[in-house]
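Scroll down for the structure; my scribbles are underneath it.
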Amino acid sequence: MEDFRRAYSRLCAAGGAPPQEAVMRRLRGRGTAAGGGRLDLSAQSLSLETCGALGRLLPGGAPFAELALSDCGLSEEGAKLLLDGLCSNTTVKSLDLKGNNLRTMGAEALGELLRQNKSIRSLVLEWNSLGVWEEGFSFFCHGLGENNCLRRLDLRNNQINHQGAGELAAALKQNASLQELDLRWNNIGLLGGRALLNCLHSNKTLKRLELAGNNVPSDILKAIEQAMVHNQDRQNILSETQNRAYILSKEIVSLKDEKTKQFLDLMDTIDKQREEIARSGRMSAARVSQLQEALDEQHSIMNSLKAKLQMTEAALALSEQKVHDLGELLSATKQEQTSMAECHFTELQKQKQESADREGKLLRDLSAASEKNLLLRNQVDELEKKCKVQQDQLFQVKQDLTNTTAELKLRAVQAEERLEMEKRRFKQSLEDVESLRVKEVDHMTQHIETCERSMQDRIQRLEAVRIALEEELSQVKAAVLTERGQAEEELIKVRNQARLEEQQRLEHLEEKLRLMTRSRDEAQNCCLKQNQMVAEAQAKVNQLSLHADGLRRRLEELQQDLNSKEEEKVTEVNKVKVELQEQIGHLQAERTAQDGLREKIAALERQLKALSSNHREALLDKESEISMLLEKLRMKEADISRMREEEAQRANFLQNAIMAYVQGSPLGTHSSRK
174 MEDFRRAYSR
184 LCAAGGAPPQ
194 EAVMRRLRGR
204 GTAAGGGRLD
214 LSAQSLSLET
224 CGALGRLLPG
234 GAPFAELALS
244 DCGLSEEGAK
254 LLLDGLCSNT
264 TVKSLDLKGN
274 NLRTMGAEAL
284 GELLRQNKSI
294 RSLVLEWNSL
304 GVWEEGFSFF
314 CHGLGENNCL
324 RRLDLRNNQI
334 NHQGAGELAA
344 ALKQNASLQE
354 LDLRWNNIGL
364 LGGRALLNCL
374 HSNKTLKRLE
384 LAGNNVPSDI
394 LKAIEQAMVH
404 NQDRQNILSE
414 TQNRAYILSK
424 EIVSLKDEKT
434 KQFLDLMDTI
444 DKQREEIARS
454 GRMSAARVSQ
464 LQEALDEQHS
474 IMNSLKAKLQ
484 MTEAALALSE
494 QKVHDLGELL
504 SATKQEQTSM
514 AECHFTELQK
524 QKQESADREG
534 KLLRDLSAAS
544 EKNLLLRNQV
554 DELEKKCKVQ
564 QDQLFQVKQD
574 LTNTTAELKL
584 RAVQAEERLE
594 MEKRRFKQSL
604 EDVESLRVKE
614 VDHMTQHIET
624 CERSMQDRIQ
634 RLEAVRIALE
644 EELSQVKAAV
654 LTERGQAEEE
664 LIKVRNQARL
674 EEQQRLEHLE
684 EKLRLMTRSR
694 DEAQNCCLKQ
704 NQMVAEAQAK
714 VNQLSLHADG
724 LRRRLEELQQ
734 DLNSKEEEKV
744 TEVNKVKVEL
754 QEQIGHLQAE
764 RTAQDGLREK
774 IAALERQLKA
784 LSSNHREALL
794 DKESEISMLL
804 EKLRMKEADI
814 SRMREEEAQR
824 ANFLQNAIMA
834 YVQGSPLGTH
844 SSRK
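For the sequence shown, this note's numbering begins at 174 and goes up steadily by one.
So, in structure tokens, the structure goes:
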């Protein structure tokens with residue numbers, strides 16, 4: 174268990190999370206049995222990192238046979254990690270997951286566990302609400318059907334309905350190992366009870382089935398109890414027969430082993446006797462032949478011994494001399510061996526000293542490298558802090574931009590609301606005009622011809638006014654385009670000069686950055702002012718469009734009410750002329766304001782020139798911001814030009830509609846008939 178605890182702490186450290194103290198205490202011995210057969214982590218809130226570490230340690234073997242995880246508040250991912258680790262475990266026999274509120278992912282992981290694991294005999298899943306998640310519970314039931322090692326399953330208080338009971342019944346038909354199933358305090362009902370009763374006809378291994386608190390009728394409960402009794406009797410008979418058969422098989426095997434041993438012993442003894450007889454015969458024949466040869470040799474030896482005695486005496490003398498010489502050589506060799514051993518010993522001592530010196534040098538190098546690593550880490554931390562500060566500054570700039578866009582949107586919404594209010598007022602005026610038109614229909618026939626002539630004259634005047642306005646608008650557009658081109662050329666020149674006029678002044682970087690930030694704020698303020706001016710221009714253009722729509726509608730009404738609205742129409746046309754003149758004056762004022770803005774932009778560009786000569790990198794950083802501002806200016810100018818074009822198109826459409834209406838109206842036909 175100590176190795177398991179160390180491995181757990183090591184995995185937690187590798188994952189970047191500290192190990193839980195409660196788990197460490199249980200792994201030290203408090204949560205395990207005396208023999209290390211039980212790990213009890215009940216009522217411990219296990220984190221996801223702890224579940225991942227335990228899931229990595231559980232595959233293969235574990236130093237305990239029982240694992241208790243009741244009331245641990247496991248998350249879906251944590252339960253999946255633990256159950257995936259138990260899939261390939263071979264030592265855990267009992268698993269307790271009571272009160273963990275497992276859901277779809279947990280039920281699927283349990284199904285996979287039952288499908289792959291071959292060692293778990295007892296599984297407790299009380300108070301988990303598995304029956305609420307139909308898909309996950311069906312997956313769990315499929316895994317139970319494929320399991321062949323589970324003996325006891327506890328599913329109390331899991332909100333299993335009749336459909337879940339049907340899934341369990343289908344799994345029990347395939348399962349051939351489960352002996353105890355506890356389904357108390359669920360919602361099985363009549364249909365679920367019938368399904369379980371039907372599955373018991375094919376399942377003969379289930380001995381105990383608890384169904385209290387499930388609203389199952391008493392007759393079905395009695396039938397299930399009878400089936401359980403029948404299964405118990407059948408299991409008892411099968412166990413007895415299996416025990417007897419096992420005992421008989423053991424006796425038969427033991428008898429076979431004894432007989433084979435006796436037979437082998439007999440064969441060994443026979444072989445040994447045969448080998449001994451053959452050996453004795455061979456030995457006797459060899460002895461006889463040797464004796465005969467010895468006798469023959471003795472006769473020849475006796476004759477040769479006499480001649481050799483003299484030779485041996487001389488050889489003995491020579492051998493004595495050789496022995497003396499050999500003794501001297503042996504003493505010399507012994508002395509050489511001792512000297513060589515001493516040399517080898519000294520060399521070994523030198524090598525040991527050199528290895529110790531090398532180890533000391535290596536340790537010093539390691540300490541120096543660790544110090545360098547610490548210094549590098551400190552530098553990295555400082556750089557990260559600087560990056561964070563720069564990111565915060567960028568975030569503040571982005572927030573400023575978002576605030577400006579939000580203000581623009583709010584102003585647009587306010588302008589739309591004003592437009593809606595003016596539309597409502599205009600509708601009310603239309604209703605009043607219609608009421609007047611109903612009253613004055615009787616007087617229309619008298620003044621038709623005079624009204625038509627006056628209307629034609631007025632239309633011609635309006636056309637002349639429109640043409641003059643279009644010419645003025647085209648002139649304004651041309652001037653704006655030329656000024657914009659000039660401004661772009663000046664900006665390009667400024668950028669080229671800034672890139673050519675680089676100078677390195679690192680001592681005054683902070684002051685330069687402050688000046689740049691101030692210039693940026695001024696540019697942003699100028700942009701905001703310009704945006705405000707553009708918004709005002711858009712509002713004025715919208716007012717012009719609204720006035721044009723009002724004029725068109727009023728002209729249509731005048732064509733219908735030519736009788737009595739001549740004076741009013743004349744006054745309205747005069748008002749329109751006055752408003753157009755006022756709008757032209759406003760446009761000229763806007764143009765002057767734009768000129769002022771351009772002058773400010775030129776001043777800012779001069780400042781940028783002075784600042785760019787100081788430091789090139791800072792200017793390059795700010796050029797992107799200036800380009801963004803210019804793009805916004807271009808977009809606003811494009812919007813203004815588009816609004817002006819739309820205004821011109823509306824005026825054209827209004828003129829064409831008036832002409833078509835005058836030519837094709839019944840008033841024109843009536844005048845031609847006269």
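Just so it is clear, CB atoms sit at the ideal spot from N, CA and C, and this is done for glycine as well.
Mind checking whether residue i and residue j have CB atoms under 8 angstroms apart?
i, j, result
"M628", "V835", "yes"
"S243", "V265", "no"
"L270", "L231", "no"
"D392", "D355", "no"
"R329", "E353", "no"
"L664", "E772", "no"
"F313", "L268", "no"
"G309", "A338", "no"
"L212", "L240", "yes"
"I397", "L370", "yes"
"L286", "L256", "yes"
"G316", "R276", "no"
"R199", "L214", "yes"
"E383", "R367", "no"
"N146", "K377", "In this structure the chain extends from 174 to 847, so residue 146 is not present and cannot be described."
"K346", "S375", "yes"
"L592", "A708", "no"
"N301", "N320", "no"
"Q619", "N736", "yes"
"G188", "A226", "yes"
Should residue i be labelled buried (16 or more other beta-carbon atoms within 10 Å of its own) or exposed?
i, result
"G304", "buried"
"K847", "Residue confidence is low: K847 scores 37 on pLDDT, short of 50, so the model does not pin down where it sits. No coordinate-derived value is stated."
"K253", "buried"
"I813", "buried"
"T690", "exposed"
"A652", "exposed"
"E340", "buried"
"N850", "Residue 850 lies beyond the residue range present for the chain, which begins at 174 and ends at 847; the question has no answer from this structure."
"A206", "At A206 the pLDDT is 41, less than 50, meaning the model places this residue with poor confidence and gives no usable figure here."
"S504", "exposed"
"L259", "buried"
"S281", "First, the amino acid is wrong: residue 281 is Glu here, not Ser. By the neighbour-count rule (16 or more Cβ atoms within 10 Å), E281 is buried."
"L539", "exposed"
"G228", "buried"
"V611", "exposed"
"P192", "buried"
"F568", "exposed"
"L373", "buried"
"V562", "exposed"
Given residue i, which residues of its chain have a CB within under 6 angstroms of its CB, disregarding the five upstream and five downstream residues?
i, result
"R807", "none"
"R639", "A824"
"L603", "none"
"R203", "With a pLDDT of 45 at R203, under the threshold of 50, the modelled position of this residue cannot be trusted; read the value that follows with caution. Answer for R203: no residue qualifies."
Shortest alpha-carbon distance to residue i belongs to which of the options?
i, options, result
"S647", "W306, L753, A821", "A821"
"E694", "K795, G316, C322", "It is Asp, not Glu, that sits at residue 694 in the sequence shown. Of the listed residues, the one whose Cα sits closest to D694 is K795."
"C224", "L556, G251, Q601", "G251"
"M278", "N359, S248, N262", "S248"
"L635", "K600, L603, L724, E810", "L724"
"D722", "L275, L827, A186", "L827"
"C322", "R455, S350, N736", "S350"
Quick one: what's got a C-beta closer than 7 angstroms to residue i's C-beta in the same chain, skipping five residues either side?
i, result
"Q756", "K713, L717"
Excluding five sequence neighbours on each side, which residues of the same chain lie with their C-beta closer than 8 angstroms to the C-beta of residue i?
i, result
"R537", "none"
Please tell me whether residue i has its Cβ less than 8 angstroms away from any Cβ of chain C.
i, result
"Q524", "No chain C is present in this structure, which holds just one protein chain."
Between residue i and the ligand GTP, is there a pair consisting of the residue's CB and a ligand heavy atom that are separated by less than 7 angstroms?
i, result
"K559", "The model on display carries no ligand, and the ligand GTP is accordingly not part of it."
Problem set entry | Inter-stretch contact at 8 angstroms, needing at least 3 Cβ pairs: the stretch 725–737 / the stretch 787–807 | no
Exercise. Should the stretch 383–390 be called in touch with the stretch 403–420, which here means at least 3 C-beta pairs below 8 angstroms?
Worked result: no
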